[in-house]
Structures are given as structure tokens and as C-alpha cells.
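Only one structure is covered here, and it is reproduced in the block below.
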Amino acid sequence: MNRIVVGLKRAVDYNVRVRVKSDGSGVETDGVKMSINPFDEIALEEALRMRERGDAAEVIVVSIGGAEAQQQLRTGLAMGADRAILVTCDAVPPPLDRARVFHEIVKREEAGLVILGKQAIDDDNNQTGQMLAAVWGRPQATFASKVVLDGDKALVTREVDAGLETIEVELPAVITTDLRLNEPRYVKLPDIMKAKKKPLETLVFADLGIETSPPIEELTFEAPPARRKGIMVEDVAGLVSALRDKGLI
Amino acid sequence: MAKVLVVAEHDGQALNPGTARTVAGAAALPDAEIAVAVFCGPASRVPAEAACLAPVGSVLCVASERNAAPLAAVIAPQLAALADDYDYVFGPSTTFGKDLMPRVAALLGVNQVSDLMSVEDARTFKRPVYAGNAIVTVRVPEGRKVVATVRTASWPAVGAGGSAAVEQRSPDVELPTHTRYVGLDAGDSDRPDLQTAHRVVSGGRALGSSENFDIVFALADKLGAAVGASRAAVDAGYVPNDMQVGQTGKIIAPELYVAIGISGAIQHLTGIKDAGTIVAINKDGEAPIFEVADIGLVADLFKAVPELTEAL
Ligand SMILES: Cc1cc2nc3c(=O)[nH]c(=O)nc-3n(C[C@H](O)[C@H](O)[C@H](O)COP(=O)(O)OP(=O)(O)OC[C@H]3O[C@@H](n4cnc5c(N)ncnc54)[C@H](O)[C@@H]3O)c2cc1C
Ligand SMILES: Nc1ncnc2c1ncn2[C@@H]1O[C@H](COP(=O)(O)O)[C@@H](O)[C@H]1O
Chain A
1 MNRIVVGLKR
11 AVDYNVRVRV
21 KSDGSGVETD
31 GVKMSINPFD
41 EIALEEALRM
51 RERGDAAEVI
61 VVSIGGAEAQ
71 QQLRTGLAMG
81 ADRAILVTCD
91 AVPPPLDRAR
101 VFHEIVKREE
111 AGLVILGKQA
121 IDDDNNQTGQ
131 MLAAVWGRPQ
141 ATFASKVVLD
151 GDKALVTREV
161 DAGLETIEVE
171 LPAVITTDLR
181 LNEPRYVKLP
191 DIMKAKKKPL
201 ETLVFADLGI
211 ETSPPIEELT
221 FEAPPARRKG
231 IMVEDVAGLV
241 SALRDKGLI
Chain B
250 MAKVLVVAEH
260 DGQALNPGTA
270 RTVAGAAALP
280 DAEIAVAVFC
290 GPASRVPAEA
300 ACLAPVGSVL
310 CVASERNAAP
320 LAAVIAPQLA
330 ALADDYDYVF
340 GPSTTFGKDL
350 MPRVAALLGV
360 NQVSDLMSVE
370 DARTFKRPVY
380 AGNAIVTVRV
390 PEGRKVVATV
400 RTASWPAVGA
410 GGSAAVEQRS
420 PDVELPTHTR
430 YVGLDAGDSD
440 RPDLQTAHRV
450 VSGGRALGSS
460 ENFDIVFALA
470 DKLGAAVGAS
480 RAAVDAGYVP
490 NDMQVGQTGK
500 IIAPELYVAI
510 GISGAIQHLT
520 GIKDAGTIVA
530 INKDGEAPIF
540 EVADIGLVAD
550 LFKAVPELTE
560 AL
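Top to bottom, those sequences are chains A and B. For the first sequence, the residue numbers in this note's numbering are 1 to 249. For the second sequence, the residue numbers in this note's numbering are 250 to 561.
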């Protein structure tokens, strides 16, 4: 396979305790740490390992967003990606249009495989990979915890509610990652220096000529209902009587 | 009138309980008329079971060898074709629904409402974002089909007692051959199902080994509870992946949840926000799990849990 395309979304770091803005217009992002969506780091790691095993020639990282997403692309290049593409837009388009952007890039780059995260941990949509597979008319192997490439096929183990499911897909295909697929490598300082010289191409969303879909409108954000303050018990006997008081045993 | 098509999830033998919860979400739409689509192998009992769900008006059975395994790439074009006659297409927010529904949405040219947790009006819904740390109210544009996954933990299952007609359908679409089902490695299923159990006992990294997890199983047996785990416990190989509770595992709403040796990371708490009573046993009094626990006990689990099991 020639090229693997990997999606890197810039998202609020997973350690951040997100707060809703007091006017309900969104969540607080000022001064909040931003990172590569954790599932996307795993996607990139998997692609890099494929290239290192000789299964692919090139790994291209793609982000759709504002200029600040360059930061995440540079991190991706430092991890080992060969090239980066930033698709700039004023507001990030809805998942279906993002899928169409990936489809456009897949065609331009003649990619043999696209690896995305199973979900972005900001919107928690879990849609883009499946939508790309649909518009591309290709297989999808979502929530992957193991991928074995075998010529023009991939054997993928998927984490499903009932256990581990295995499917075989013909390439090209879309794979989305689950957490146990691999452990992403750390970026070393010299790699960050080297990454500065790697190519980062910028495309403008509006120039791609992509058919757009009406987004689902976000009206207001609110904090989830807080749980009532609980009690602390001293010992197991106290726990048993507290459970009894609540009629739970 | 809201014409809703709900896709059934099943294992070939029986409906997954997520289906009755998804139907409940559909029934919350104003003036809902609900049909359930069942994609299954030949001669399955599942369509008849779906016909018994109380608010269901009709069952569309699409039976063929190709539908014997739940492959999104195969089911999606058929479901999209059936959707022609409907305004809404709903699926459960289980791994089955999450895999399938966005593919259907894309074929229909629309975006999807993921994890629908409440219906405000015919086009306005609430859903969680940021691992449940914010709830957003969303509106689907007019003149478009509404495709959604329904957050099953938000909806109590509808009851049985219906008697819908079962219609056989065979949508005229080409099915892809690029995807092949190989098999499912399912955990043992003697215990109550984690997603629907009234009581759940979960263990975390602190258990230290799969042998030690017996402490958790013993308490669960005493309580008649299902067993869950944190990601750390699954990653360490103490228990299989299907036991993970949280943002990337199962979102559950039991009456009683007992967290043993679990710190209470945001991603874990996402999975238990709707639990009735949360009990936490942790040796660290500062552990974040105590911020959400209704009953907290600071103790060494290796001493406290066997003692609790004994006392029940
Ligand atoms: C994108 C993403 C998604 C994630 N999704 C999930 C998810 O779905 N579910 C999930 O659970 N996690 C998830 N995580 C991981 C999560 O952030 C935490 O790392 C994980 O939940 C920690 O598991 P733990 O509480 O078992 O382990 P730890 O955080 O290590 O906590 C162990 C606890 O055990 C206590 N302890 C130790 N010894 C004893 C003893 N003898 N007796 C009593 N208490 C003891 C300690 O005080 C500590 O509080 C996700 C992370 C990311 C980045
Ligand atoms: N704006 C974006 N830029 C790059 N990749 C994205 C973007 N949005 C989504 N993706 C990819 O699609 C996956 C699923 O995202 P979502 O469907 O939004 O949950 C992410 O993990 C990314 O790999």
C-alpha cells in the first residue's frame, strides 16, 4: 500500500475538567490545554507501525480546523508522520462534511487506508469514520483493538459490547481506533526539530468544492445535574446499615 | 405525525434490551408511529419478539443469509432504502448502533444526533458532550430526516404486550462483498448483563490481578449483581473488554453501583452518572470517586470487601 491517511483532531486535553460557560453558549476553552484527540494519537501510532513494517510507504496526517491545529499536525509530524495537510475553515464543518473532506483527500492522495479515532472526545460524535466509509463506498472496521494486514485485506478485531468481534475487510478501507489498539510513542526533542522541516500543506475548505450539509444546530449548553452530596461511613457495618436504610439490601 | 423507523439489535436468537429502550426514545416524539426493522438470518424468532413491544405499530423483517451477521456495511444500504418512508431513523447507542447509524446517515445525506438523551420537541433534543460534562440542546434542520443513536441508559425499556404485524421486506439494493464477518469471541454470560443489571459491582486497577478479581465476583454473586471494571483493570488484562464501564466502555444506569478500588476518573464517571446509588470503597480518602459517591468507605478493599460479602 502506498499511503495511509490519519485524522488528527485538535481537542480539549482529556485531563481537563470541562466547564460550561455561564451564558450557555458553549464550554470554557480560554487558557485550556489542547491536545491531539487521544484516539487519533493511537491511529497515527498504528499507521507508523505499518509503515515501519514496510506495509506502507507514507503516512499523511490531516486536520480540519483553524490555523491553531497546525500545532497538533506538527506533533504528528514529530511522532513520525511524513506530511501534514491542514484544511482550514472558519467554523469546523459537521461530521458529514468532514467525511467528504477526507474523501477528497483520499482521492487526491490515492490512499489505501484511512485510520481515524473512534470518536473525538469533545463532541463525542463517533460518526466521521463510518460516514467516510459510506461516501467512499468502502469497508469500515470501527473500534479496532487489533489490525493484521494481509496483502489487500485487513483482519480487524473490534471491541463490541458482547466481546471481541473479528471481521475481514478488503482494502482500501476505513479503520477507527479503540484505546487498546496500541500505546502511542512519546515524541523526542530532536524529532520536534526535524518535524519543523517536514511539509505542511494548507488547503482552504471552501476551495475544495465539497457539497455541504446543513449542520445540526447547537442551541444551548448546560452543566449536567449535580449529584446530591453523599455520606461517609466508618466501617463495613456502617456501610451495611446505610445500604439497608436505602432499602438496597 | 412522526414516522419512526427503529433498527433492532439482536444476536440472532433474542432482541438486545437496548432495542426496547430505543423504542422508548422514539415513543417520546410527538405523535410517534413506530416501526421496527429487523435484519436477520432466515427463520429468526426476533421479528416476532419485536412485534410484542408495546408501542410498535409494525415490524419490517428483512431476512436473508447476508443479514445473519451484524455488518454495518451490509445493513446500512438496506436500512437507508427502508428509511424512504420515514421521517426518523433511530438506533441504540450500543457498539452495534454506533457502527451502523452514521453510515446510514451519510447514505441519506444528513448528520446524526449521537446519544439522544431527551426529546424537547419534534426536532429538538438533548445529548451529552465532553464525556457528559456538558449537555447540549440541538436542533435538526427542517426538511431533513432525523437520524439518531439513542442513549439507552437515559430511557427505561418499553414493556411487552403489543401485537404488531410482521411484514417481510427485501429492499432492492446492491450489497457490498468487501466485508466479511469472521466471528465473535464473547465472554461467559452466566452473570446478569452489565447494561441492564439493577446492580453492578466494578473493580479497578487496585485489584492487582485477575485472581484477586474473585473478591469482586464474590460480592457480585451475593448481591445478584453484574460485574464491571475500569479501563485500567481491562488494560491490565484482569478482565475482558466487554466489562469496561465509562466514556469508551458501557454507559449504565443500575439502581446500585459499587466501585471498588476505582479512583473515579472523568471518563469512568461518564458511565455511571445515571446510577441510583453509588457506593465507593477506596483506601484514599481524597479519591475523586468520593465526590460522586452516595455512600463512601475509606478502607483497604482486600479487608473490607470480603467482610462486606460475609455480612450480606
Ligand atoms: C480517551 C480516554 C477514554 C477513557 N475511557 C475510560 C472508560 O471508558 N472507563 C474507564 O474506567 N476509564 C477510562 N479511561 C481511563 C481513565 O482516565 C483512568 O485512567 C481509569 O479509569 C483509571 O482506572 P482505575 O480507577 O481502576 O485506576 P487508578 O486511577 O489507578 O485508581 C486506582 C484506585 O485504587 C485505589 N486503591 C489502591 N489500592 C487499594 C486498596 N488496597 N484498597 C482500596 N483502594 C485501593 C487507589 O487509591 C486509587 O484511587 C479513559 C481515558 C482516556 C484518555
Ligand atoms: N476536525 C477534524 N480534523 C481531523 N480529524 C477529525 C476531525 N473531526 C473528526 N476527525 C476524525 O474523526 C474521528 C471521529 O470523530 P467524531 O466523528 O467527531 O467523533 C476523530 O477521532 C478524528 O480521527
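Heads up, the beta-carbon is just placed ideally off N, CA and C, and yes, glycines get one too. From a predicted model like this one, the values you see are computed outputs, not experimental measurements.
When secondary structure is reduced to three states using DSSP, glutamine 516 of chain B falls in the helix class. With a threshold of 9 angstroms between beta carbons, methionine 131 of chain A makes contact with chain B. With a cut-off of 8 angstroms, the C-beta of isoleucine 4 of chain A is classified as distant from ligand 1, since no heavy atom of the ligand falls inside that distance. A direct Cα-to-Cα measurement between valine 59 of chain A and lysine 197 of chain A gives close to 16 angstroms. Between alanine 99 of chain A and threonine 142 of chain A a beta carbon distance of about 13 angstroms is seen, past the 8 angstroms cut, so the two are scored as non-contacting.
Close to serine 213 of chain A, with beta-carbon spacing below 7 angstroms, are these residues of chain B in chain order: Gly358, Val359 and Asn360. Contact check for alanine 383 of chain B and valine 12 of chain A: beta-carbon distance about 11 angstroms, past the 8 angstroms limit, so the pair fails to qualify.
If you check the CB distance, proline 184 of chain A and arginine 83 of chain A do not come in under 9 angstroms.
With a 10 Å radius around the Cβ and a threshold of 16 neighbouring Cβ atoms, asparagine 490 of chain B comes out buried.
Taking 4 residues as the shortest admissible run, the region 301-352 of chain B contains the following complete alpha helix (DSSP H) segments, listed from N- to C-terminal end: 321-331. Non-local C-beta neighbours of leucine 331 of chain B in its own chain, meaning closer than 8 angstroms and more than five positions away in sequence, comprise Leu254, Ala286, Leu309, Val311, Arg418 and Pro420, ordered along the chain. Its chain contains no residue whose beta carbon lies nearer than 8 angstroms to that of aspartate 470 of chain B once the 5 sequence neighbours on both sides are disregarded. For threonine 558 of chain B, the uninterrupted alpha helix (DSSP H) run begins and ends at 550-560, by DSSP.
For leucine 208 of chain A, no CB of chain B lies under 9 angstroms from its own CB, so it is not counted at the interface with that chain. Counting along the chain, the unbroken beta strand (DSSP E) around lysine 153 of chain A starts and ends at 153-160.
The alpha-carbon separation between leucine 44 of chain A and arginine 3 of chain A amounts to approximately 13 angstroms. Checking the DSSP bridge columns, you'll see serine 35 of chain A partnered with A:Ala11. In the structure shown, valine 240 of chain A adopts helical secondary structure according to DSSP, grouped into three states. At a Cβ-Cβ threshold of 9 angstroms, leucine 505 of chain B and alanine 524 of chain B count as neighbours.
Here the C-alpha atom of valine 20 of chain A lies approximately 22 angstroms from the C-alpha atom of alanine 542 of chain B.
Legend: CB atoms of the region 369-391 of chain B lying less than 8 angstroms from CB atoms of chain A belong to residues Thr373, Pro377, Val378, Tyr379, Ala380, Gly381, Asn382, Ala383, Ile384, Val385, Thr386, Val387, Arg388, Val389 and Pro390.
Its chain contains Ala322 as the residues whose beta carbon lies nearer than 6 angstroms to that of proline 425 of chain B, once the 5 sequence neighbours on both sides are disregarded; these appear in chain order. One residue list follows from the rule of a beta carbon closer than 5 angstroms to any heavy atom of ligand 1, given in chain order as A:Tyr14, A:Pro38, B:Gly453, B:Arg454, B:Ala455, B:Ser479, B:Arg480, B:Ala481, B:Gly495, B:Gln496, B:Thr497, B:Gly498, B:Gly510, B:Ile511, B:Ser512, B:Ala514, B:Gln516, B:His517, B:Asn531, B:Lys532, B:Asp533, B:Ala536, B:Asp549 and B:Leu550. Beta-bridge partners of aspartate 150 of chain A (DSSP): A:Lys153. Apart from the 5 residues on each side of it in sequence, glycine 112 of chain A sits with its Cβ closer than 8 angstroms to the Cβ of Met1, Asn2, Arg3, Ile4, Ala56, Leu171 and Pro172 in its chain, given in chain order. Restricting attention to A:Glu104, A:Arg51, A:Arg49 and A:Gly7, the CA atom closest to the CA of glycine 65 of chain A is found in A:Gly7. Interface with chain A (9 angstroms Cβ-Cβ cutoff): glutamate 314 of chain B is excluded. About 4 angstroms separates the CB atoms of alanine 406 of chain B and alanine 269 of chain B; that is less than 8 angstroms, so the two are in contact. Residues are counted here when their Cβ sits less than 9 angstroms from a Cβ of chain A; for the region 297-325 of chain B these are Ala318, Pro319, Leu320, Ala321, Ala322 and Ala325, given in chain order. For glycine 545 of chain B, the chain A residues whose Cβ falls inside 8 angstroms of its Cβ are Gly230, Ile231, Met232 and Val233, in order along the chain. Distances from the CB of asparagine 360 of chain B to the heavy atoms of ligand 2 are all 8 angstroms or more.
DSSP places alanine 206 of chain A within a helical segment (H, G or I) once states are collapsed to three. In this structure, isoleucine 85 of chain A lies away from isoleucine 115 of chain A, with their beta-carbon atoms at least 9 angstroms apart. In this structure, asparagine 126 of chain A has its beta carbon less than 8 angstroms from a heavy atom of ligand 2. In the structure shown, the three-state DSSP call for serine 403 of chain B is helix. For the C-beta of glycine 436 of chain B, the chain A residues within less than 7 angstroms are, from N- to C-terminus, Gly163.
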